[in-house]
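Asker:
Protein chains in written order, with my numbering: chain A, 338 to 643; chain B, 19 to 265.
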């Protein structure tokens, strides 16, 4: 039995018509760090709310640690930790009071499981007398994680914990997640940042309520069907326009300082022909070489209609 | 070189003892795409508020589109556009109502409102959606619309505060095409983002740490200066020792 099972879960909100979660099935193993990767509106939050027993699905079944999300909701609420996307602690309680409150709710004390949160909590402990509402974004995030962990959940649900967080704090946060994972906690985490996908054991790419693919980040990168090139020249904006007009271009998207480009054909003289074409458009000595696709490349491939 | 459209000299904002933005000195030129990066709490929002005429500096000087940040804040507001992912359009108004509302707020005449809204709808290919409520539009379209609405009064500068948060990777890149197009028309784009790959698309990038601008150059020069191959690594080098972690 996995830590999380979903079987044909569908959820439609009355008015909008198209389902927010559309016949989704997947399993997460015990101790796995599983990522739901997709943009706003993909259905990530609905899945979290169904699994944490806060929302009923229209059809399908789901379980957490073997307990049914409908029948056994009371058990599930005791064994999961949930950090919603919106800050949901008591703003007018202090840091310390929030933590004590959540520990007491689950019938324990902060001391019982202090080991689990120690690494995270020491960073906000100097501010323990401060109202939670007065904390900075990064500190709120650490307090929310501490509160979600204080009853030692067996499964931890984190809905976009790093959205709007700067690149350095995001790295720190993922290191914390890996330490928790090493203590045997199953973690399901969602993010709109594709670069965080590679830090999960397995990921589901999700868009418009449907799962596009589920696999390890490495397998997903290997499954990319086309040869992928990076191309760069002095005038990048012009380069995008020119490559989009080149008849053999299959897809062309900026990735940092390079463009990632794939072509419809794979012939020996392809690259010389590309270079000749770019020279005719006035690009001097463009750089072109093969590259290994990222998870984001695959996501683009899956959602780009071309 | 052209006259700068944003020019600051030792621009500073204090809140009591706390110096949120410390002696910021920089210039941005017409048509530039200027990436304004920094860790949470570094002082970006405070700096942006001063540049938009929403917060009076404690000391230093700044001129925005030729207007003084102390004495001509209303002039500044008329000559800039602003868009943020968190707030830009009224969800309970239709596409057309939003355009007309913003054009009206910026004091365009009835004829100008009519012409510019028609032009904008055509540009975005939203002819069939003009009577739809904004909340019923897909996020990607909403974003393109709010970007265009922020340009409806033909400002010299547009400020974009994390414009691409939460959108899918294709929409995010299409959004940058709009940015490039605006820049090609001579509009200055001042943009904040947490996506480090987007920093590479900027003409120049500044990185704020603990209230100071710690680095400012083209992405290529910054990478050279720090001997690394991505802006992500430059950012990490500068921001990992930040003392502030606020917002």
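Glycine included, every Cβ here is placed at the ideal spot set by N, Cα and C.
Does the structure place the segment 375-388 of chain A close enough to the segment 345-360 of chain A that three or more beta carbon pairs sit under 8 Å?
Answerer: They touch, by the three-pair rule.
Asker: Smallest Cα separation from residue 639 of chain A: which of A:495, A:340, A:460, A:551?
Answerer: What you label residue 639 of chain A is simply residue 302 of the first chain in a count that begins at 1. It is A:551.
Asker: Count the other CB atoms within 10 Å of the CB of residue 400 of chain A; is the residue buried (16 or more) or exposed (fewer)?
Answerer: As a first step, residue 400 of chain A is located in the first chain; it is residue number 63 there, counting from the start. When all chains shown are included, residue 400 of chain A counts as buried.
Asker: Taking only beta-carbon positions, decide if residue 432 of chain A is within less than 8 Å of chain B.
Answerer: Counted from its first residue, the first chain places residue 432 of chain A at position 95. No, no contact with chain B.
Asker: Quick one: what's got a C-beta closer than 6 Å to residue 439 of chain A's C-beta in the same chain, skipping five residues either side?
Answerer: The count along the first chain starts at 1 and reaches residue 439 of chain A at position 102. Counting only Cβ-Cβ distances below 6 Å, and skipping sequence neighbours, we find 484, 487.
Asker: Where residue 56 of chain B and residue 201 of chain B are concerned, what is the direct C-alpha to C-alpha distance, given to the nearest angstrom?
Answerer: Numbered from 1 along the second chain, position 38 holds the residue referred to as residue 56 of chain B. Numbered from 1 along the second chain, position 183 holds the residue referred to as residue 201 of chain B. In a straight line, the C-alpha of residue 56 of chain B is about 22 Å away from that of residue 201 of chain B.
Asker: Look at the alpha carbon of residue 456 of chain A and the alpha carbon of residue 535 of chain A, and state the distance between them as a whole number of angstroms.
Answerer: Here residue 456 of chain A refers to the residue found at position 119 of the first chain. Here residue 535 of chain A refers to the residue found at position 198 of the first chain. Cα to Cα, residue 456 of chain A sits roughly 23 Å from residue 535 of chain A.
Asker: Taking only beta-carbon positions, decide if residue 157 of chain B is within less than 8 Å of chain A.
Answerer: For the purposes of this step, residue 157 of chain B is taken as the residue at position 139 of the second chain. So yes, residue 157 of chain B belongs to the interface.
Asker: With which residues is residue 405 of chain A paired in a DSSP beta bridge?
Answerer: Here residue 405 of chain A refers to the residue found at position 68 when the first chain is read from its first residue. Answer is A:400.
Asker: Do residue 463 of chain A and residue 500 of chain A count as a contact pair if the criterion is CB distance below 8 Å?
Answerer: Sequence index remark: in the first chain, residue 500 of chain A carries index 163 (1-based). Sequence index remark: in the first chain, residue 463 of chain A carries index 126 (1-based). No, they are not a contact pair.
Asker: Would you call residue 391 of chain A buried or exposed, if buried means 16 or more other Cβ atoms sit within 10 Å of its Cβ?
Answerer: Start at 1 with the first residue of the first chain, and residue 391 of chain A comes out as number 54. That one is exposed.
Asker: Answer yes or no: does any C-beta atom of chain A fall closer than 8 Å to that of residue 71 of chain B?
Answerer: Along the second chain, read from residue 1 onward, the residue named residue 71 of chain B stands at position 53. By this cut-off, residue 71 of chain B is not an interface position.
Asker: Let me know the secondary structure DSSP gives residue 373 of chain A once reduced to three states.
Answerer: Translated into the one-based positions of the first chain, residue 373 of chain A becomes position 36. In the structure shown, residue 373 of chain A sits in a strand (DSSP, three-state: E or B).
Asker: How about the segment 174-185 of chain B and the segment 113-128 of chain B: do they share at least three Cβ pairs that are nearer than 8 Å?
Answerer: Taking 8 Å as the limit for Cβ pairs, the verdict is that the segment 113-128 of chain B does not touch the segment 174-185 of chain B.
Asker: If you scan the segment 419-500 of chain A from start to end, which runs of the alpha helix (DSSP H) of 4 or more residues do you find wholly inside it?
Answerer: As far as the segment 419-500 of chain A is concerned, its whole alpha helix (DSSP H) runs of at least 4 residues are 432-442, 451-458, 474-486.
Asker: Do the segment 598-613 of chain A and the segment 497-516 of chain A make contact, defined as three or more Cβ pairs closer than 8 Å?
Answerer: Contact fails: fewer than three Cβ-Cβ distances are below 8 Å.
Asker: Classify residue 502 of chain A as helix, strand or coil using the three-state DSSP reduction.
Answerer: Taking the first residue of the first chain as position 1, residue 502 of chain A is located at position 165. Reduced to three states, the DSSP call for residue 502 of chain A is coil.
Asker: Give the straight-line distance between the Cα atoms of residue 469 of chain A and residue 622 of chain A, rounded to the nearest whole angstrom.
Answerer: Against the first chain, residue 469 of chain A aligns to sequence position 132. Against the first chain, residue 622 of chain A aligns to sequence position 285. Rounded to whole angstroms, residue 469 of chain A to residue 622 of chain A spans 56 Å at the Cα level.
Asker: For residue 161 of chain B and residue 193 of chain B, which I take to be in contact (beta-carbon distance under 8 Å), what is that distance rounded to the nearest angstrom?
Answerer: If you number the second chain from 1, residue 161 of chain B lands on position 143. If you number the second chain from 1, residue 193 of chain B lands on position 175. Yes, residue 161 of chain B and residue 193 of chain B are in contact; Cβ-Cβ is about 6 Å, under 8 Å.
Asker: Please check the pair residue 178 of chain B and residue 209 of chain B, which I expect to be a contact at CB under 8 Å, by giving their CB distance rounded to whole angstroms.
Answerer: Translated into the one-based positions of the second chain, residue 178 of chain B becomes position 160. Translated into the one-based positions of the second chain, residue 209 of chain B becomes position 191. Their Cβ separation, rounded to whole angstroms, is 4 Å, which keeps residue 178 of chain B and residue 209 of chain B in contact under 8 Å.
Asker: Cα-Cα, which of B:236, B:195, B:27 is closest to residue 77 of chain B?
Answerer: Along the second chain, one-based indexing puts residue 77 of chain B at 59. When each option's Cα is compared against that of residue 77 of chain B, the closest is B:27.
Asker: Helix, strand or coil for residue 131 of chain B? Go by DSSP, reduced to three states.
Answerer: Mapped onto the second chain, residue 131 of chain B falls at position 113. Helix, per DSSP.
Asker: Is it the case that the segment 579-592 of chain A contacts the segment 27-46 of chain B, given that we only count it when at least three CB pairs across the two stretches are under 8 Å?
Answerer: No, because fewer than three Cβ pairs between the segment 27-46 of chain B and the segment 579-592 of chain A fall closer than 8 Å, the two stretches do not touch.
Asker: Determine, using beta carbons only, whether residue 69 of chain B and residue 82 of chain B come nearer to each other than 8 Å.
Answerer: Counting from one through the second chain, the residue named residue 69 of chain B turns up at place 51. Counting from one through the second chain, the residue named residue 82 of chain B turns up at place 64. Yes. Within cutoff.
Asker: Please list, in chain order, all residues of the same chain as residue 106 of chain B whose beta carbon is under 6 Å from its beta carbon, the five residues on each side excluded.
Answerer: In the second chain, counting from the first residue as 1, residue 106 of chain B sits at position 88. Cβ neighbours of residue 106 of chain B beyond the five flanking positions: 164.
Asker: Rank A:593, A:373, A:364, A:431 by C-alpha distance to the C-alpha of residue 403 of chain A and give the top, closest one.
Answerer: The residue you call residue 403 of chain A lines up with position 66 of the first chain. Cα-wise, what sits closest to residue 403 of chain A is A:364.
Asker: Whose C-beta lies closer than 8 Å to the C-beta of residue 607 of chain A among residues of the same chain, with five residues either side of it excluded?
Answerer: For the purposes of this step, residue 607 of chain A is identified with residue 270 of the first chain, where counting begins at 1. So the qualifying residues of the chain are 585, 600.
Asker: At the 8 Å Cβ level, is residue 529 of chain A part of the contact set with chain B, yes or no?
Answerer: By one-based count along the first chain, residue 529 of chain A stands at place 192. Taking Cβ atoms only, chain B reaches closer than 8 Å to residue 529 of chain A, which makes this a yes.
Asker: In this structure, how does DSSP classify residue 507 of chain A when only helix, strand and coil are distinguished?
Answerer: Along the first chain, one-based indexing puts residue 507 of chain A at 170. Residue 507 of chain A: helix per DSSP, three-state reduction.
Asker: To the nearest angstrom, how far is the alpha carbon of residue 590 of chain A from that of residue 635 of chain A?
Answerer: Translated into the one-based positions of the first chain, residue 590 of chain A becomes position 253. Translated into the one-based positions of the first chain, residue 635 of chain A becomes position 298. Rounded to the nearest angstrom, the two C-alpha atoms are 12 Å apart.
Asker: Tell me, please, which residues DSSP counts as bridged to residue 29 of chain B.
Answerer: Position 11 of the second chain, counted from the start, is the residue given in the question as residue 29 of chain B. Note: residue 29 of chain B sits in a beta bridge opposite B:42.
Asker: Taking residue 254 of chain B as part of the alpha helix (DSSP H), name the residues at either end of that continuous run.
Answerer: As a position in the second chain, residue 254 of chain B is number 236, starting the count at 1. Segment 249-257, the alpha helix (DSSP H) holding residue 254 of chain B.
Asker: Which residues mark the beginning and the end of the alpha helix (DSSP H) in which residue 616 of chain A is found?
Answerer: Working through the first chain from its first residue, we reach residue 616 of chain A at position 279. 607-617 is the extent of the alpha helix (DSSP H) around residue 616 of chain A.
Asker: Run through chain B and tell me which residues come within less than 7 Å of residue 378 of chain A, C-beta to C-beta.
Answerer: For the purposes of this step, residue 378 of chain A is identified with residue 41 of the first chain, where counting begins at 1. Chain B residues near residue 378 of chain A: 157.
Asker: Measuring alpha carbon to alpha carbon, tell me which of B:91, B:156, B:233 ends up nearest residue 272 of chain B.
Answerer: Since the first residue of chain B shown is 19 and the last is 265, residue 272 of chain B is not available in this structure.
Asker: By alpha-carbon positions, which one of A:519, A:641, A:627, A:435 ends up nearest to residue 565 of chain A?
Answerer: For the purposes of this step, residue 565 of chain A is taken as the residue at position 228 of the first chain. Cα-wise, what sits closest to residue 565 of chain A is A:627.
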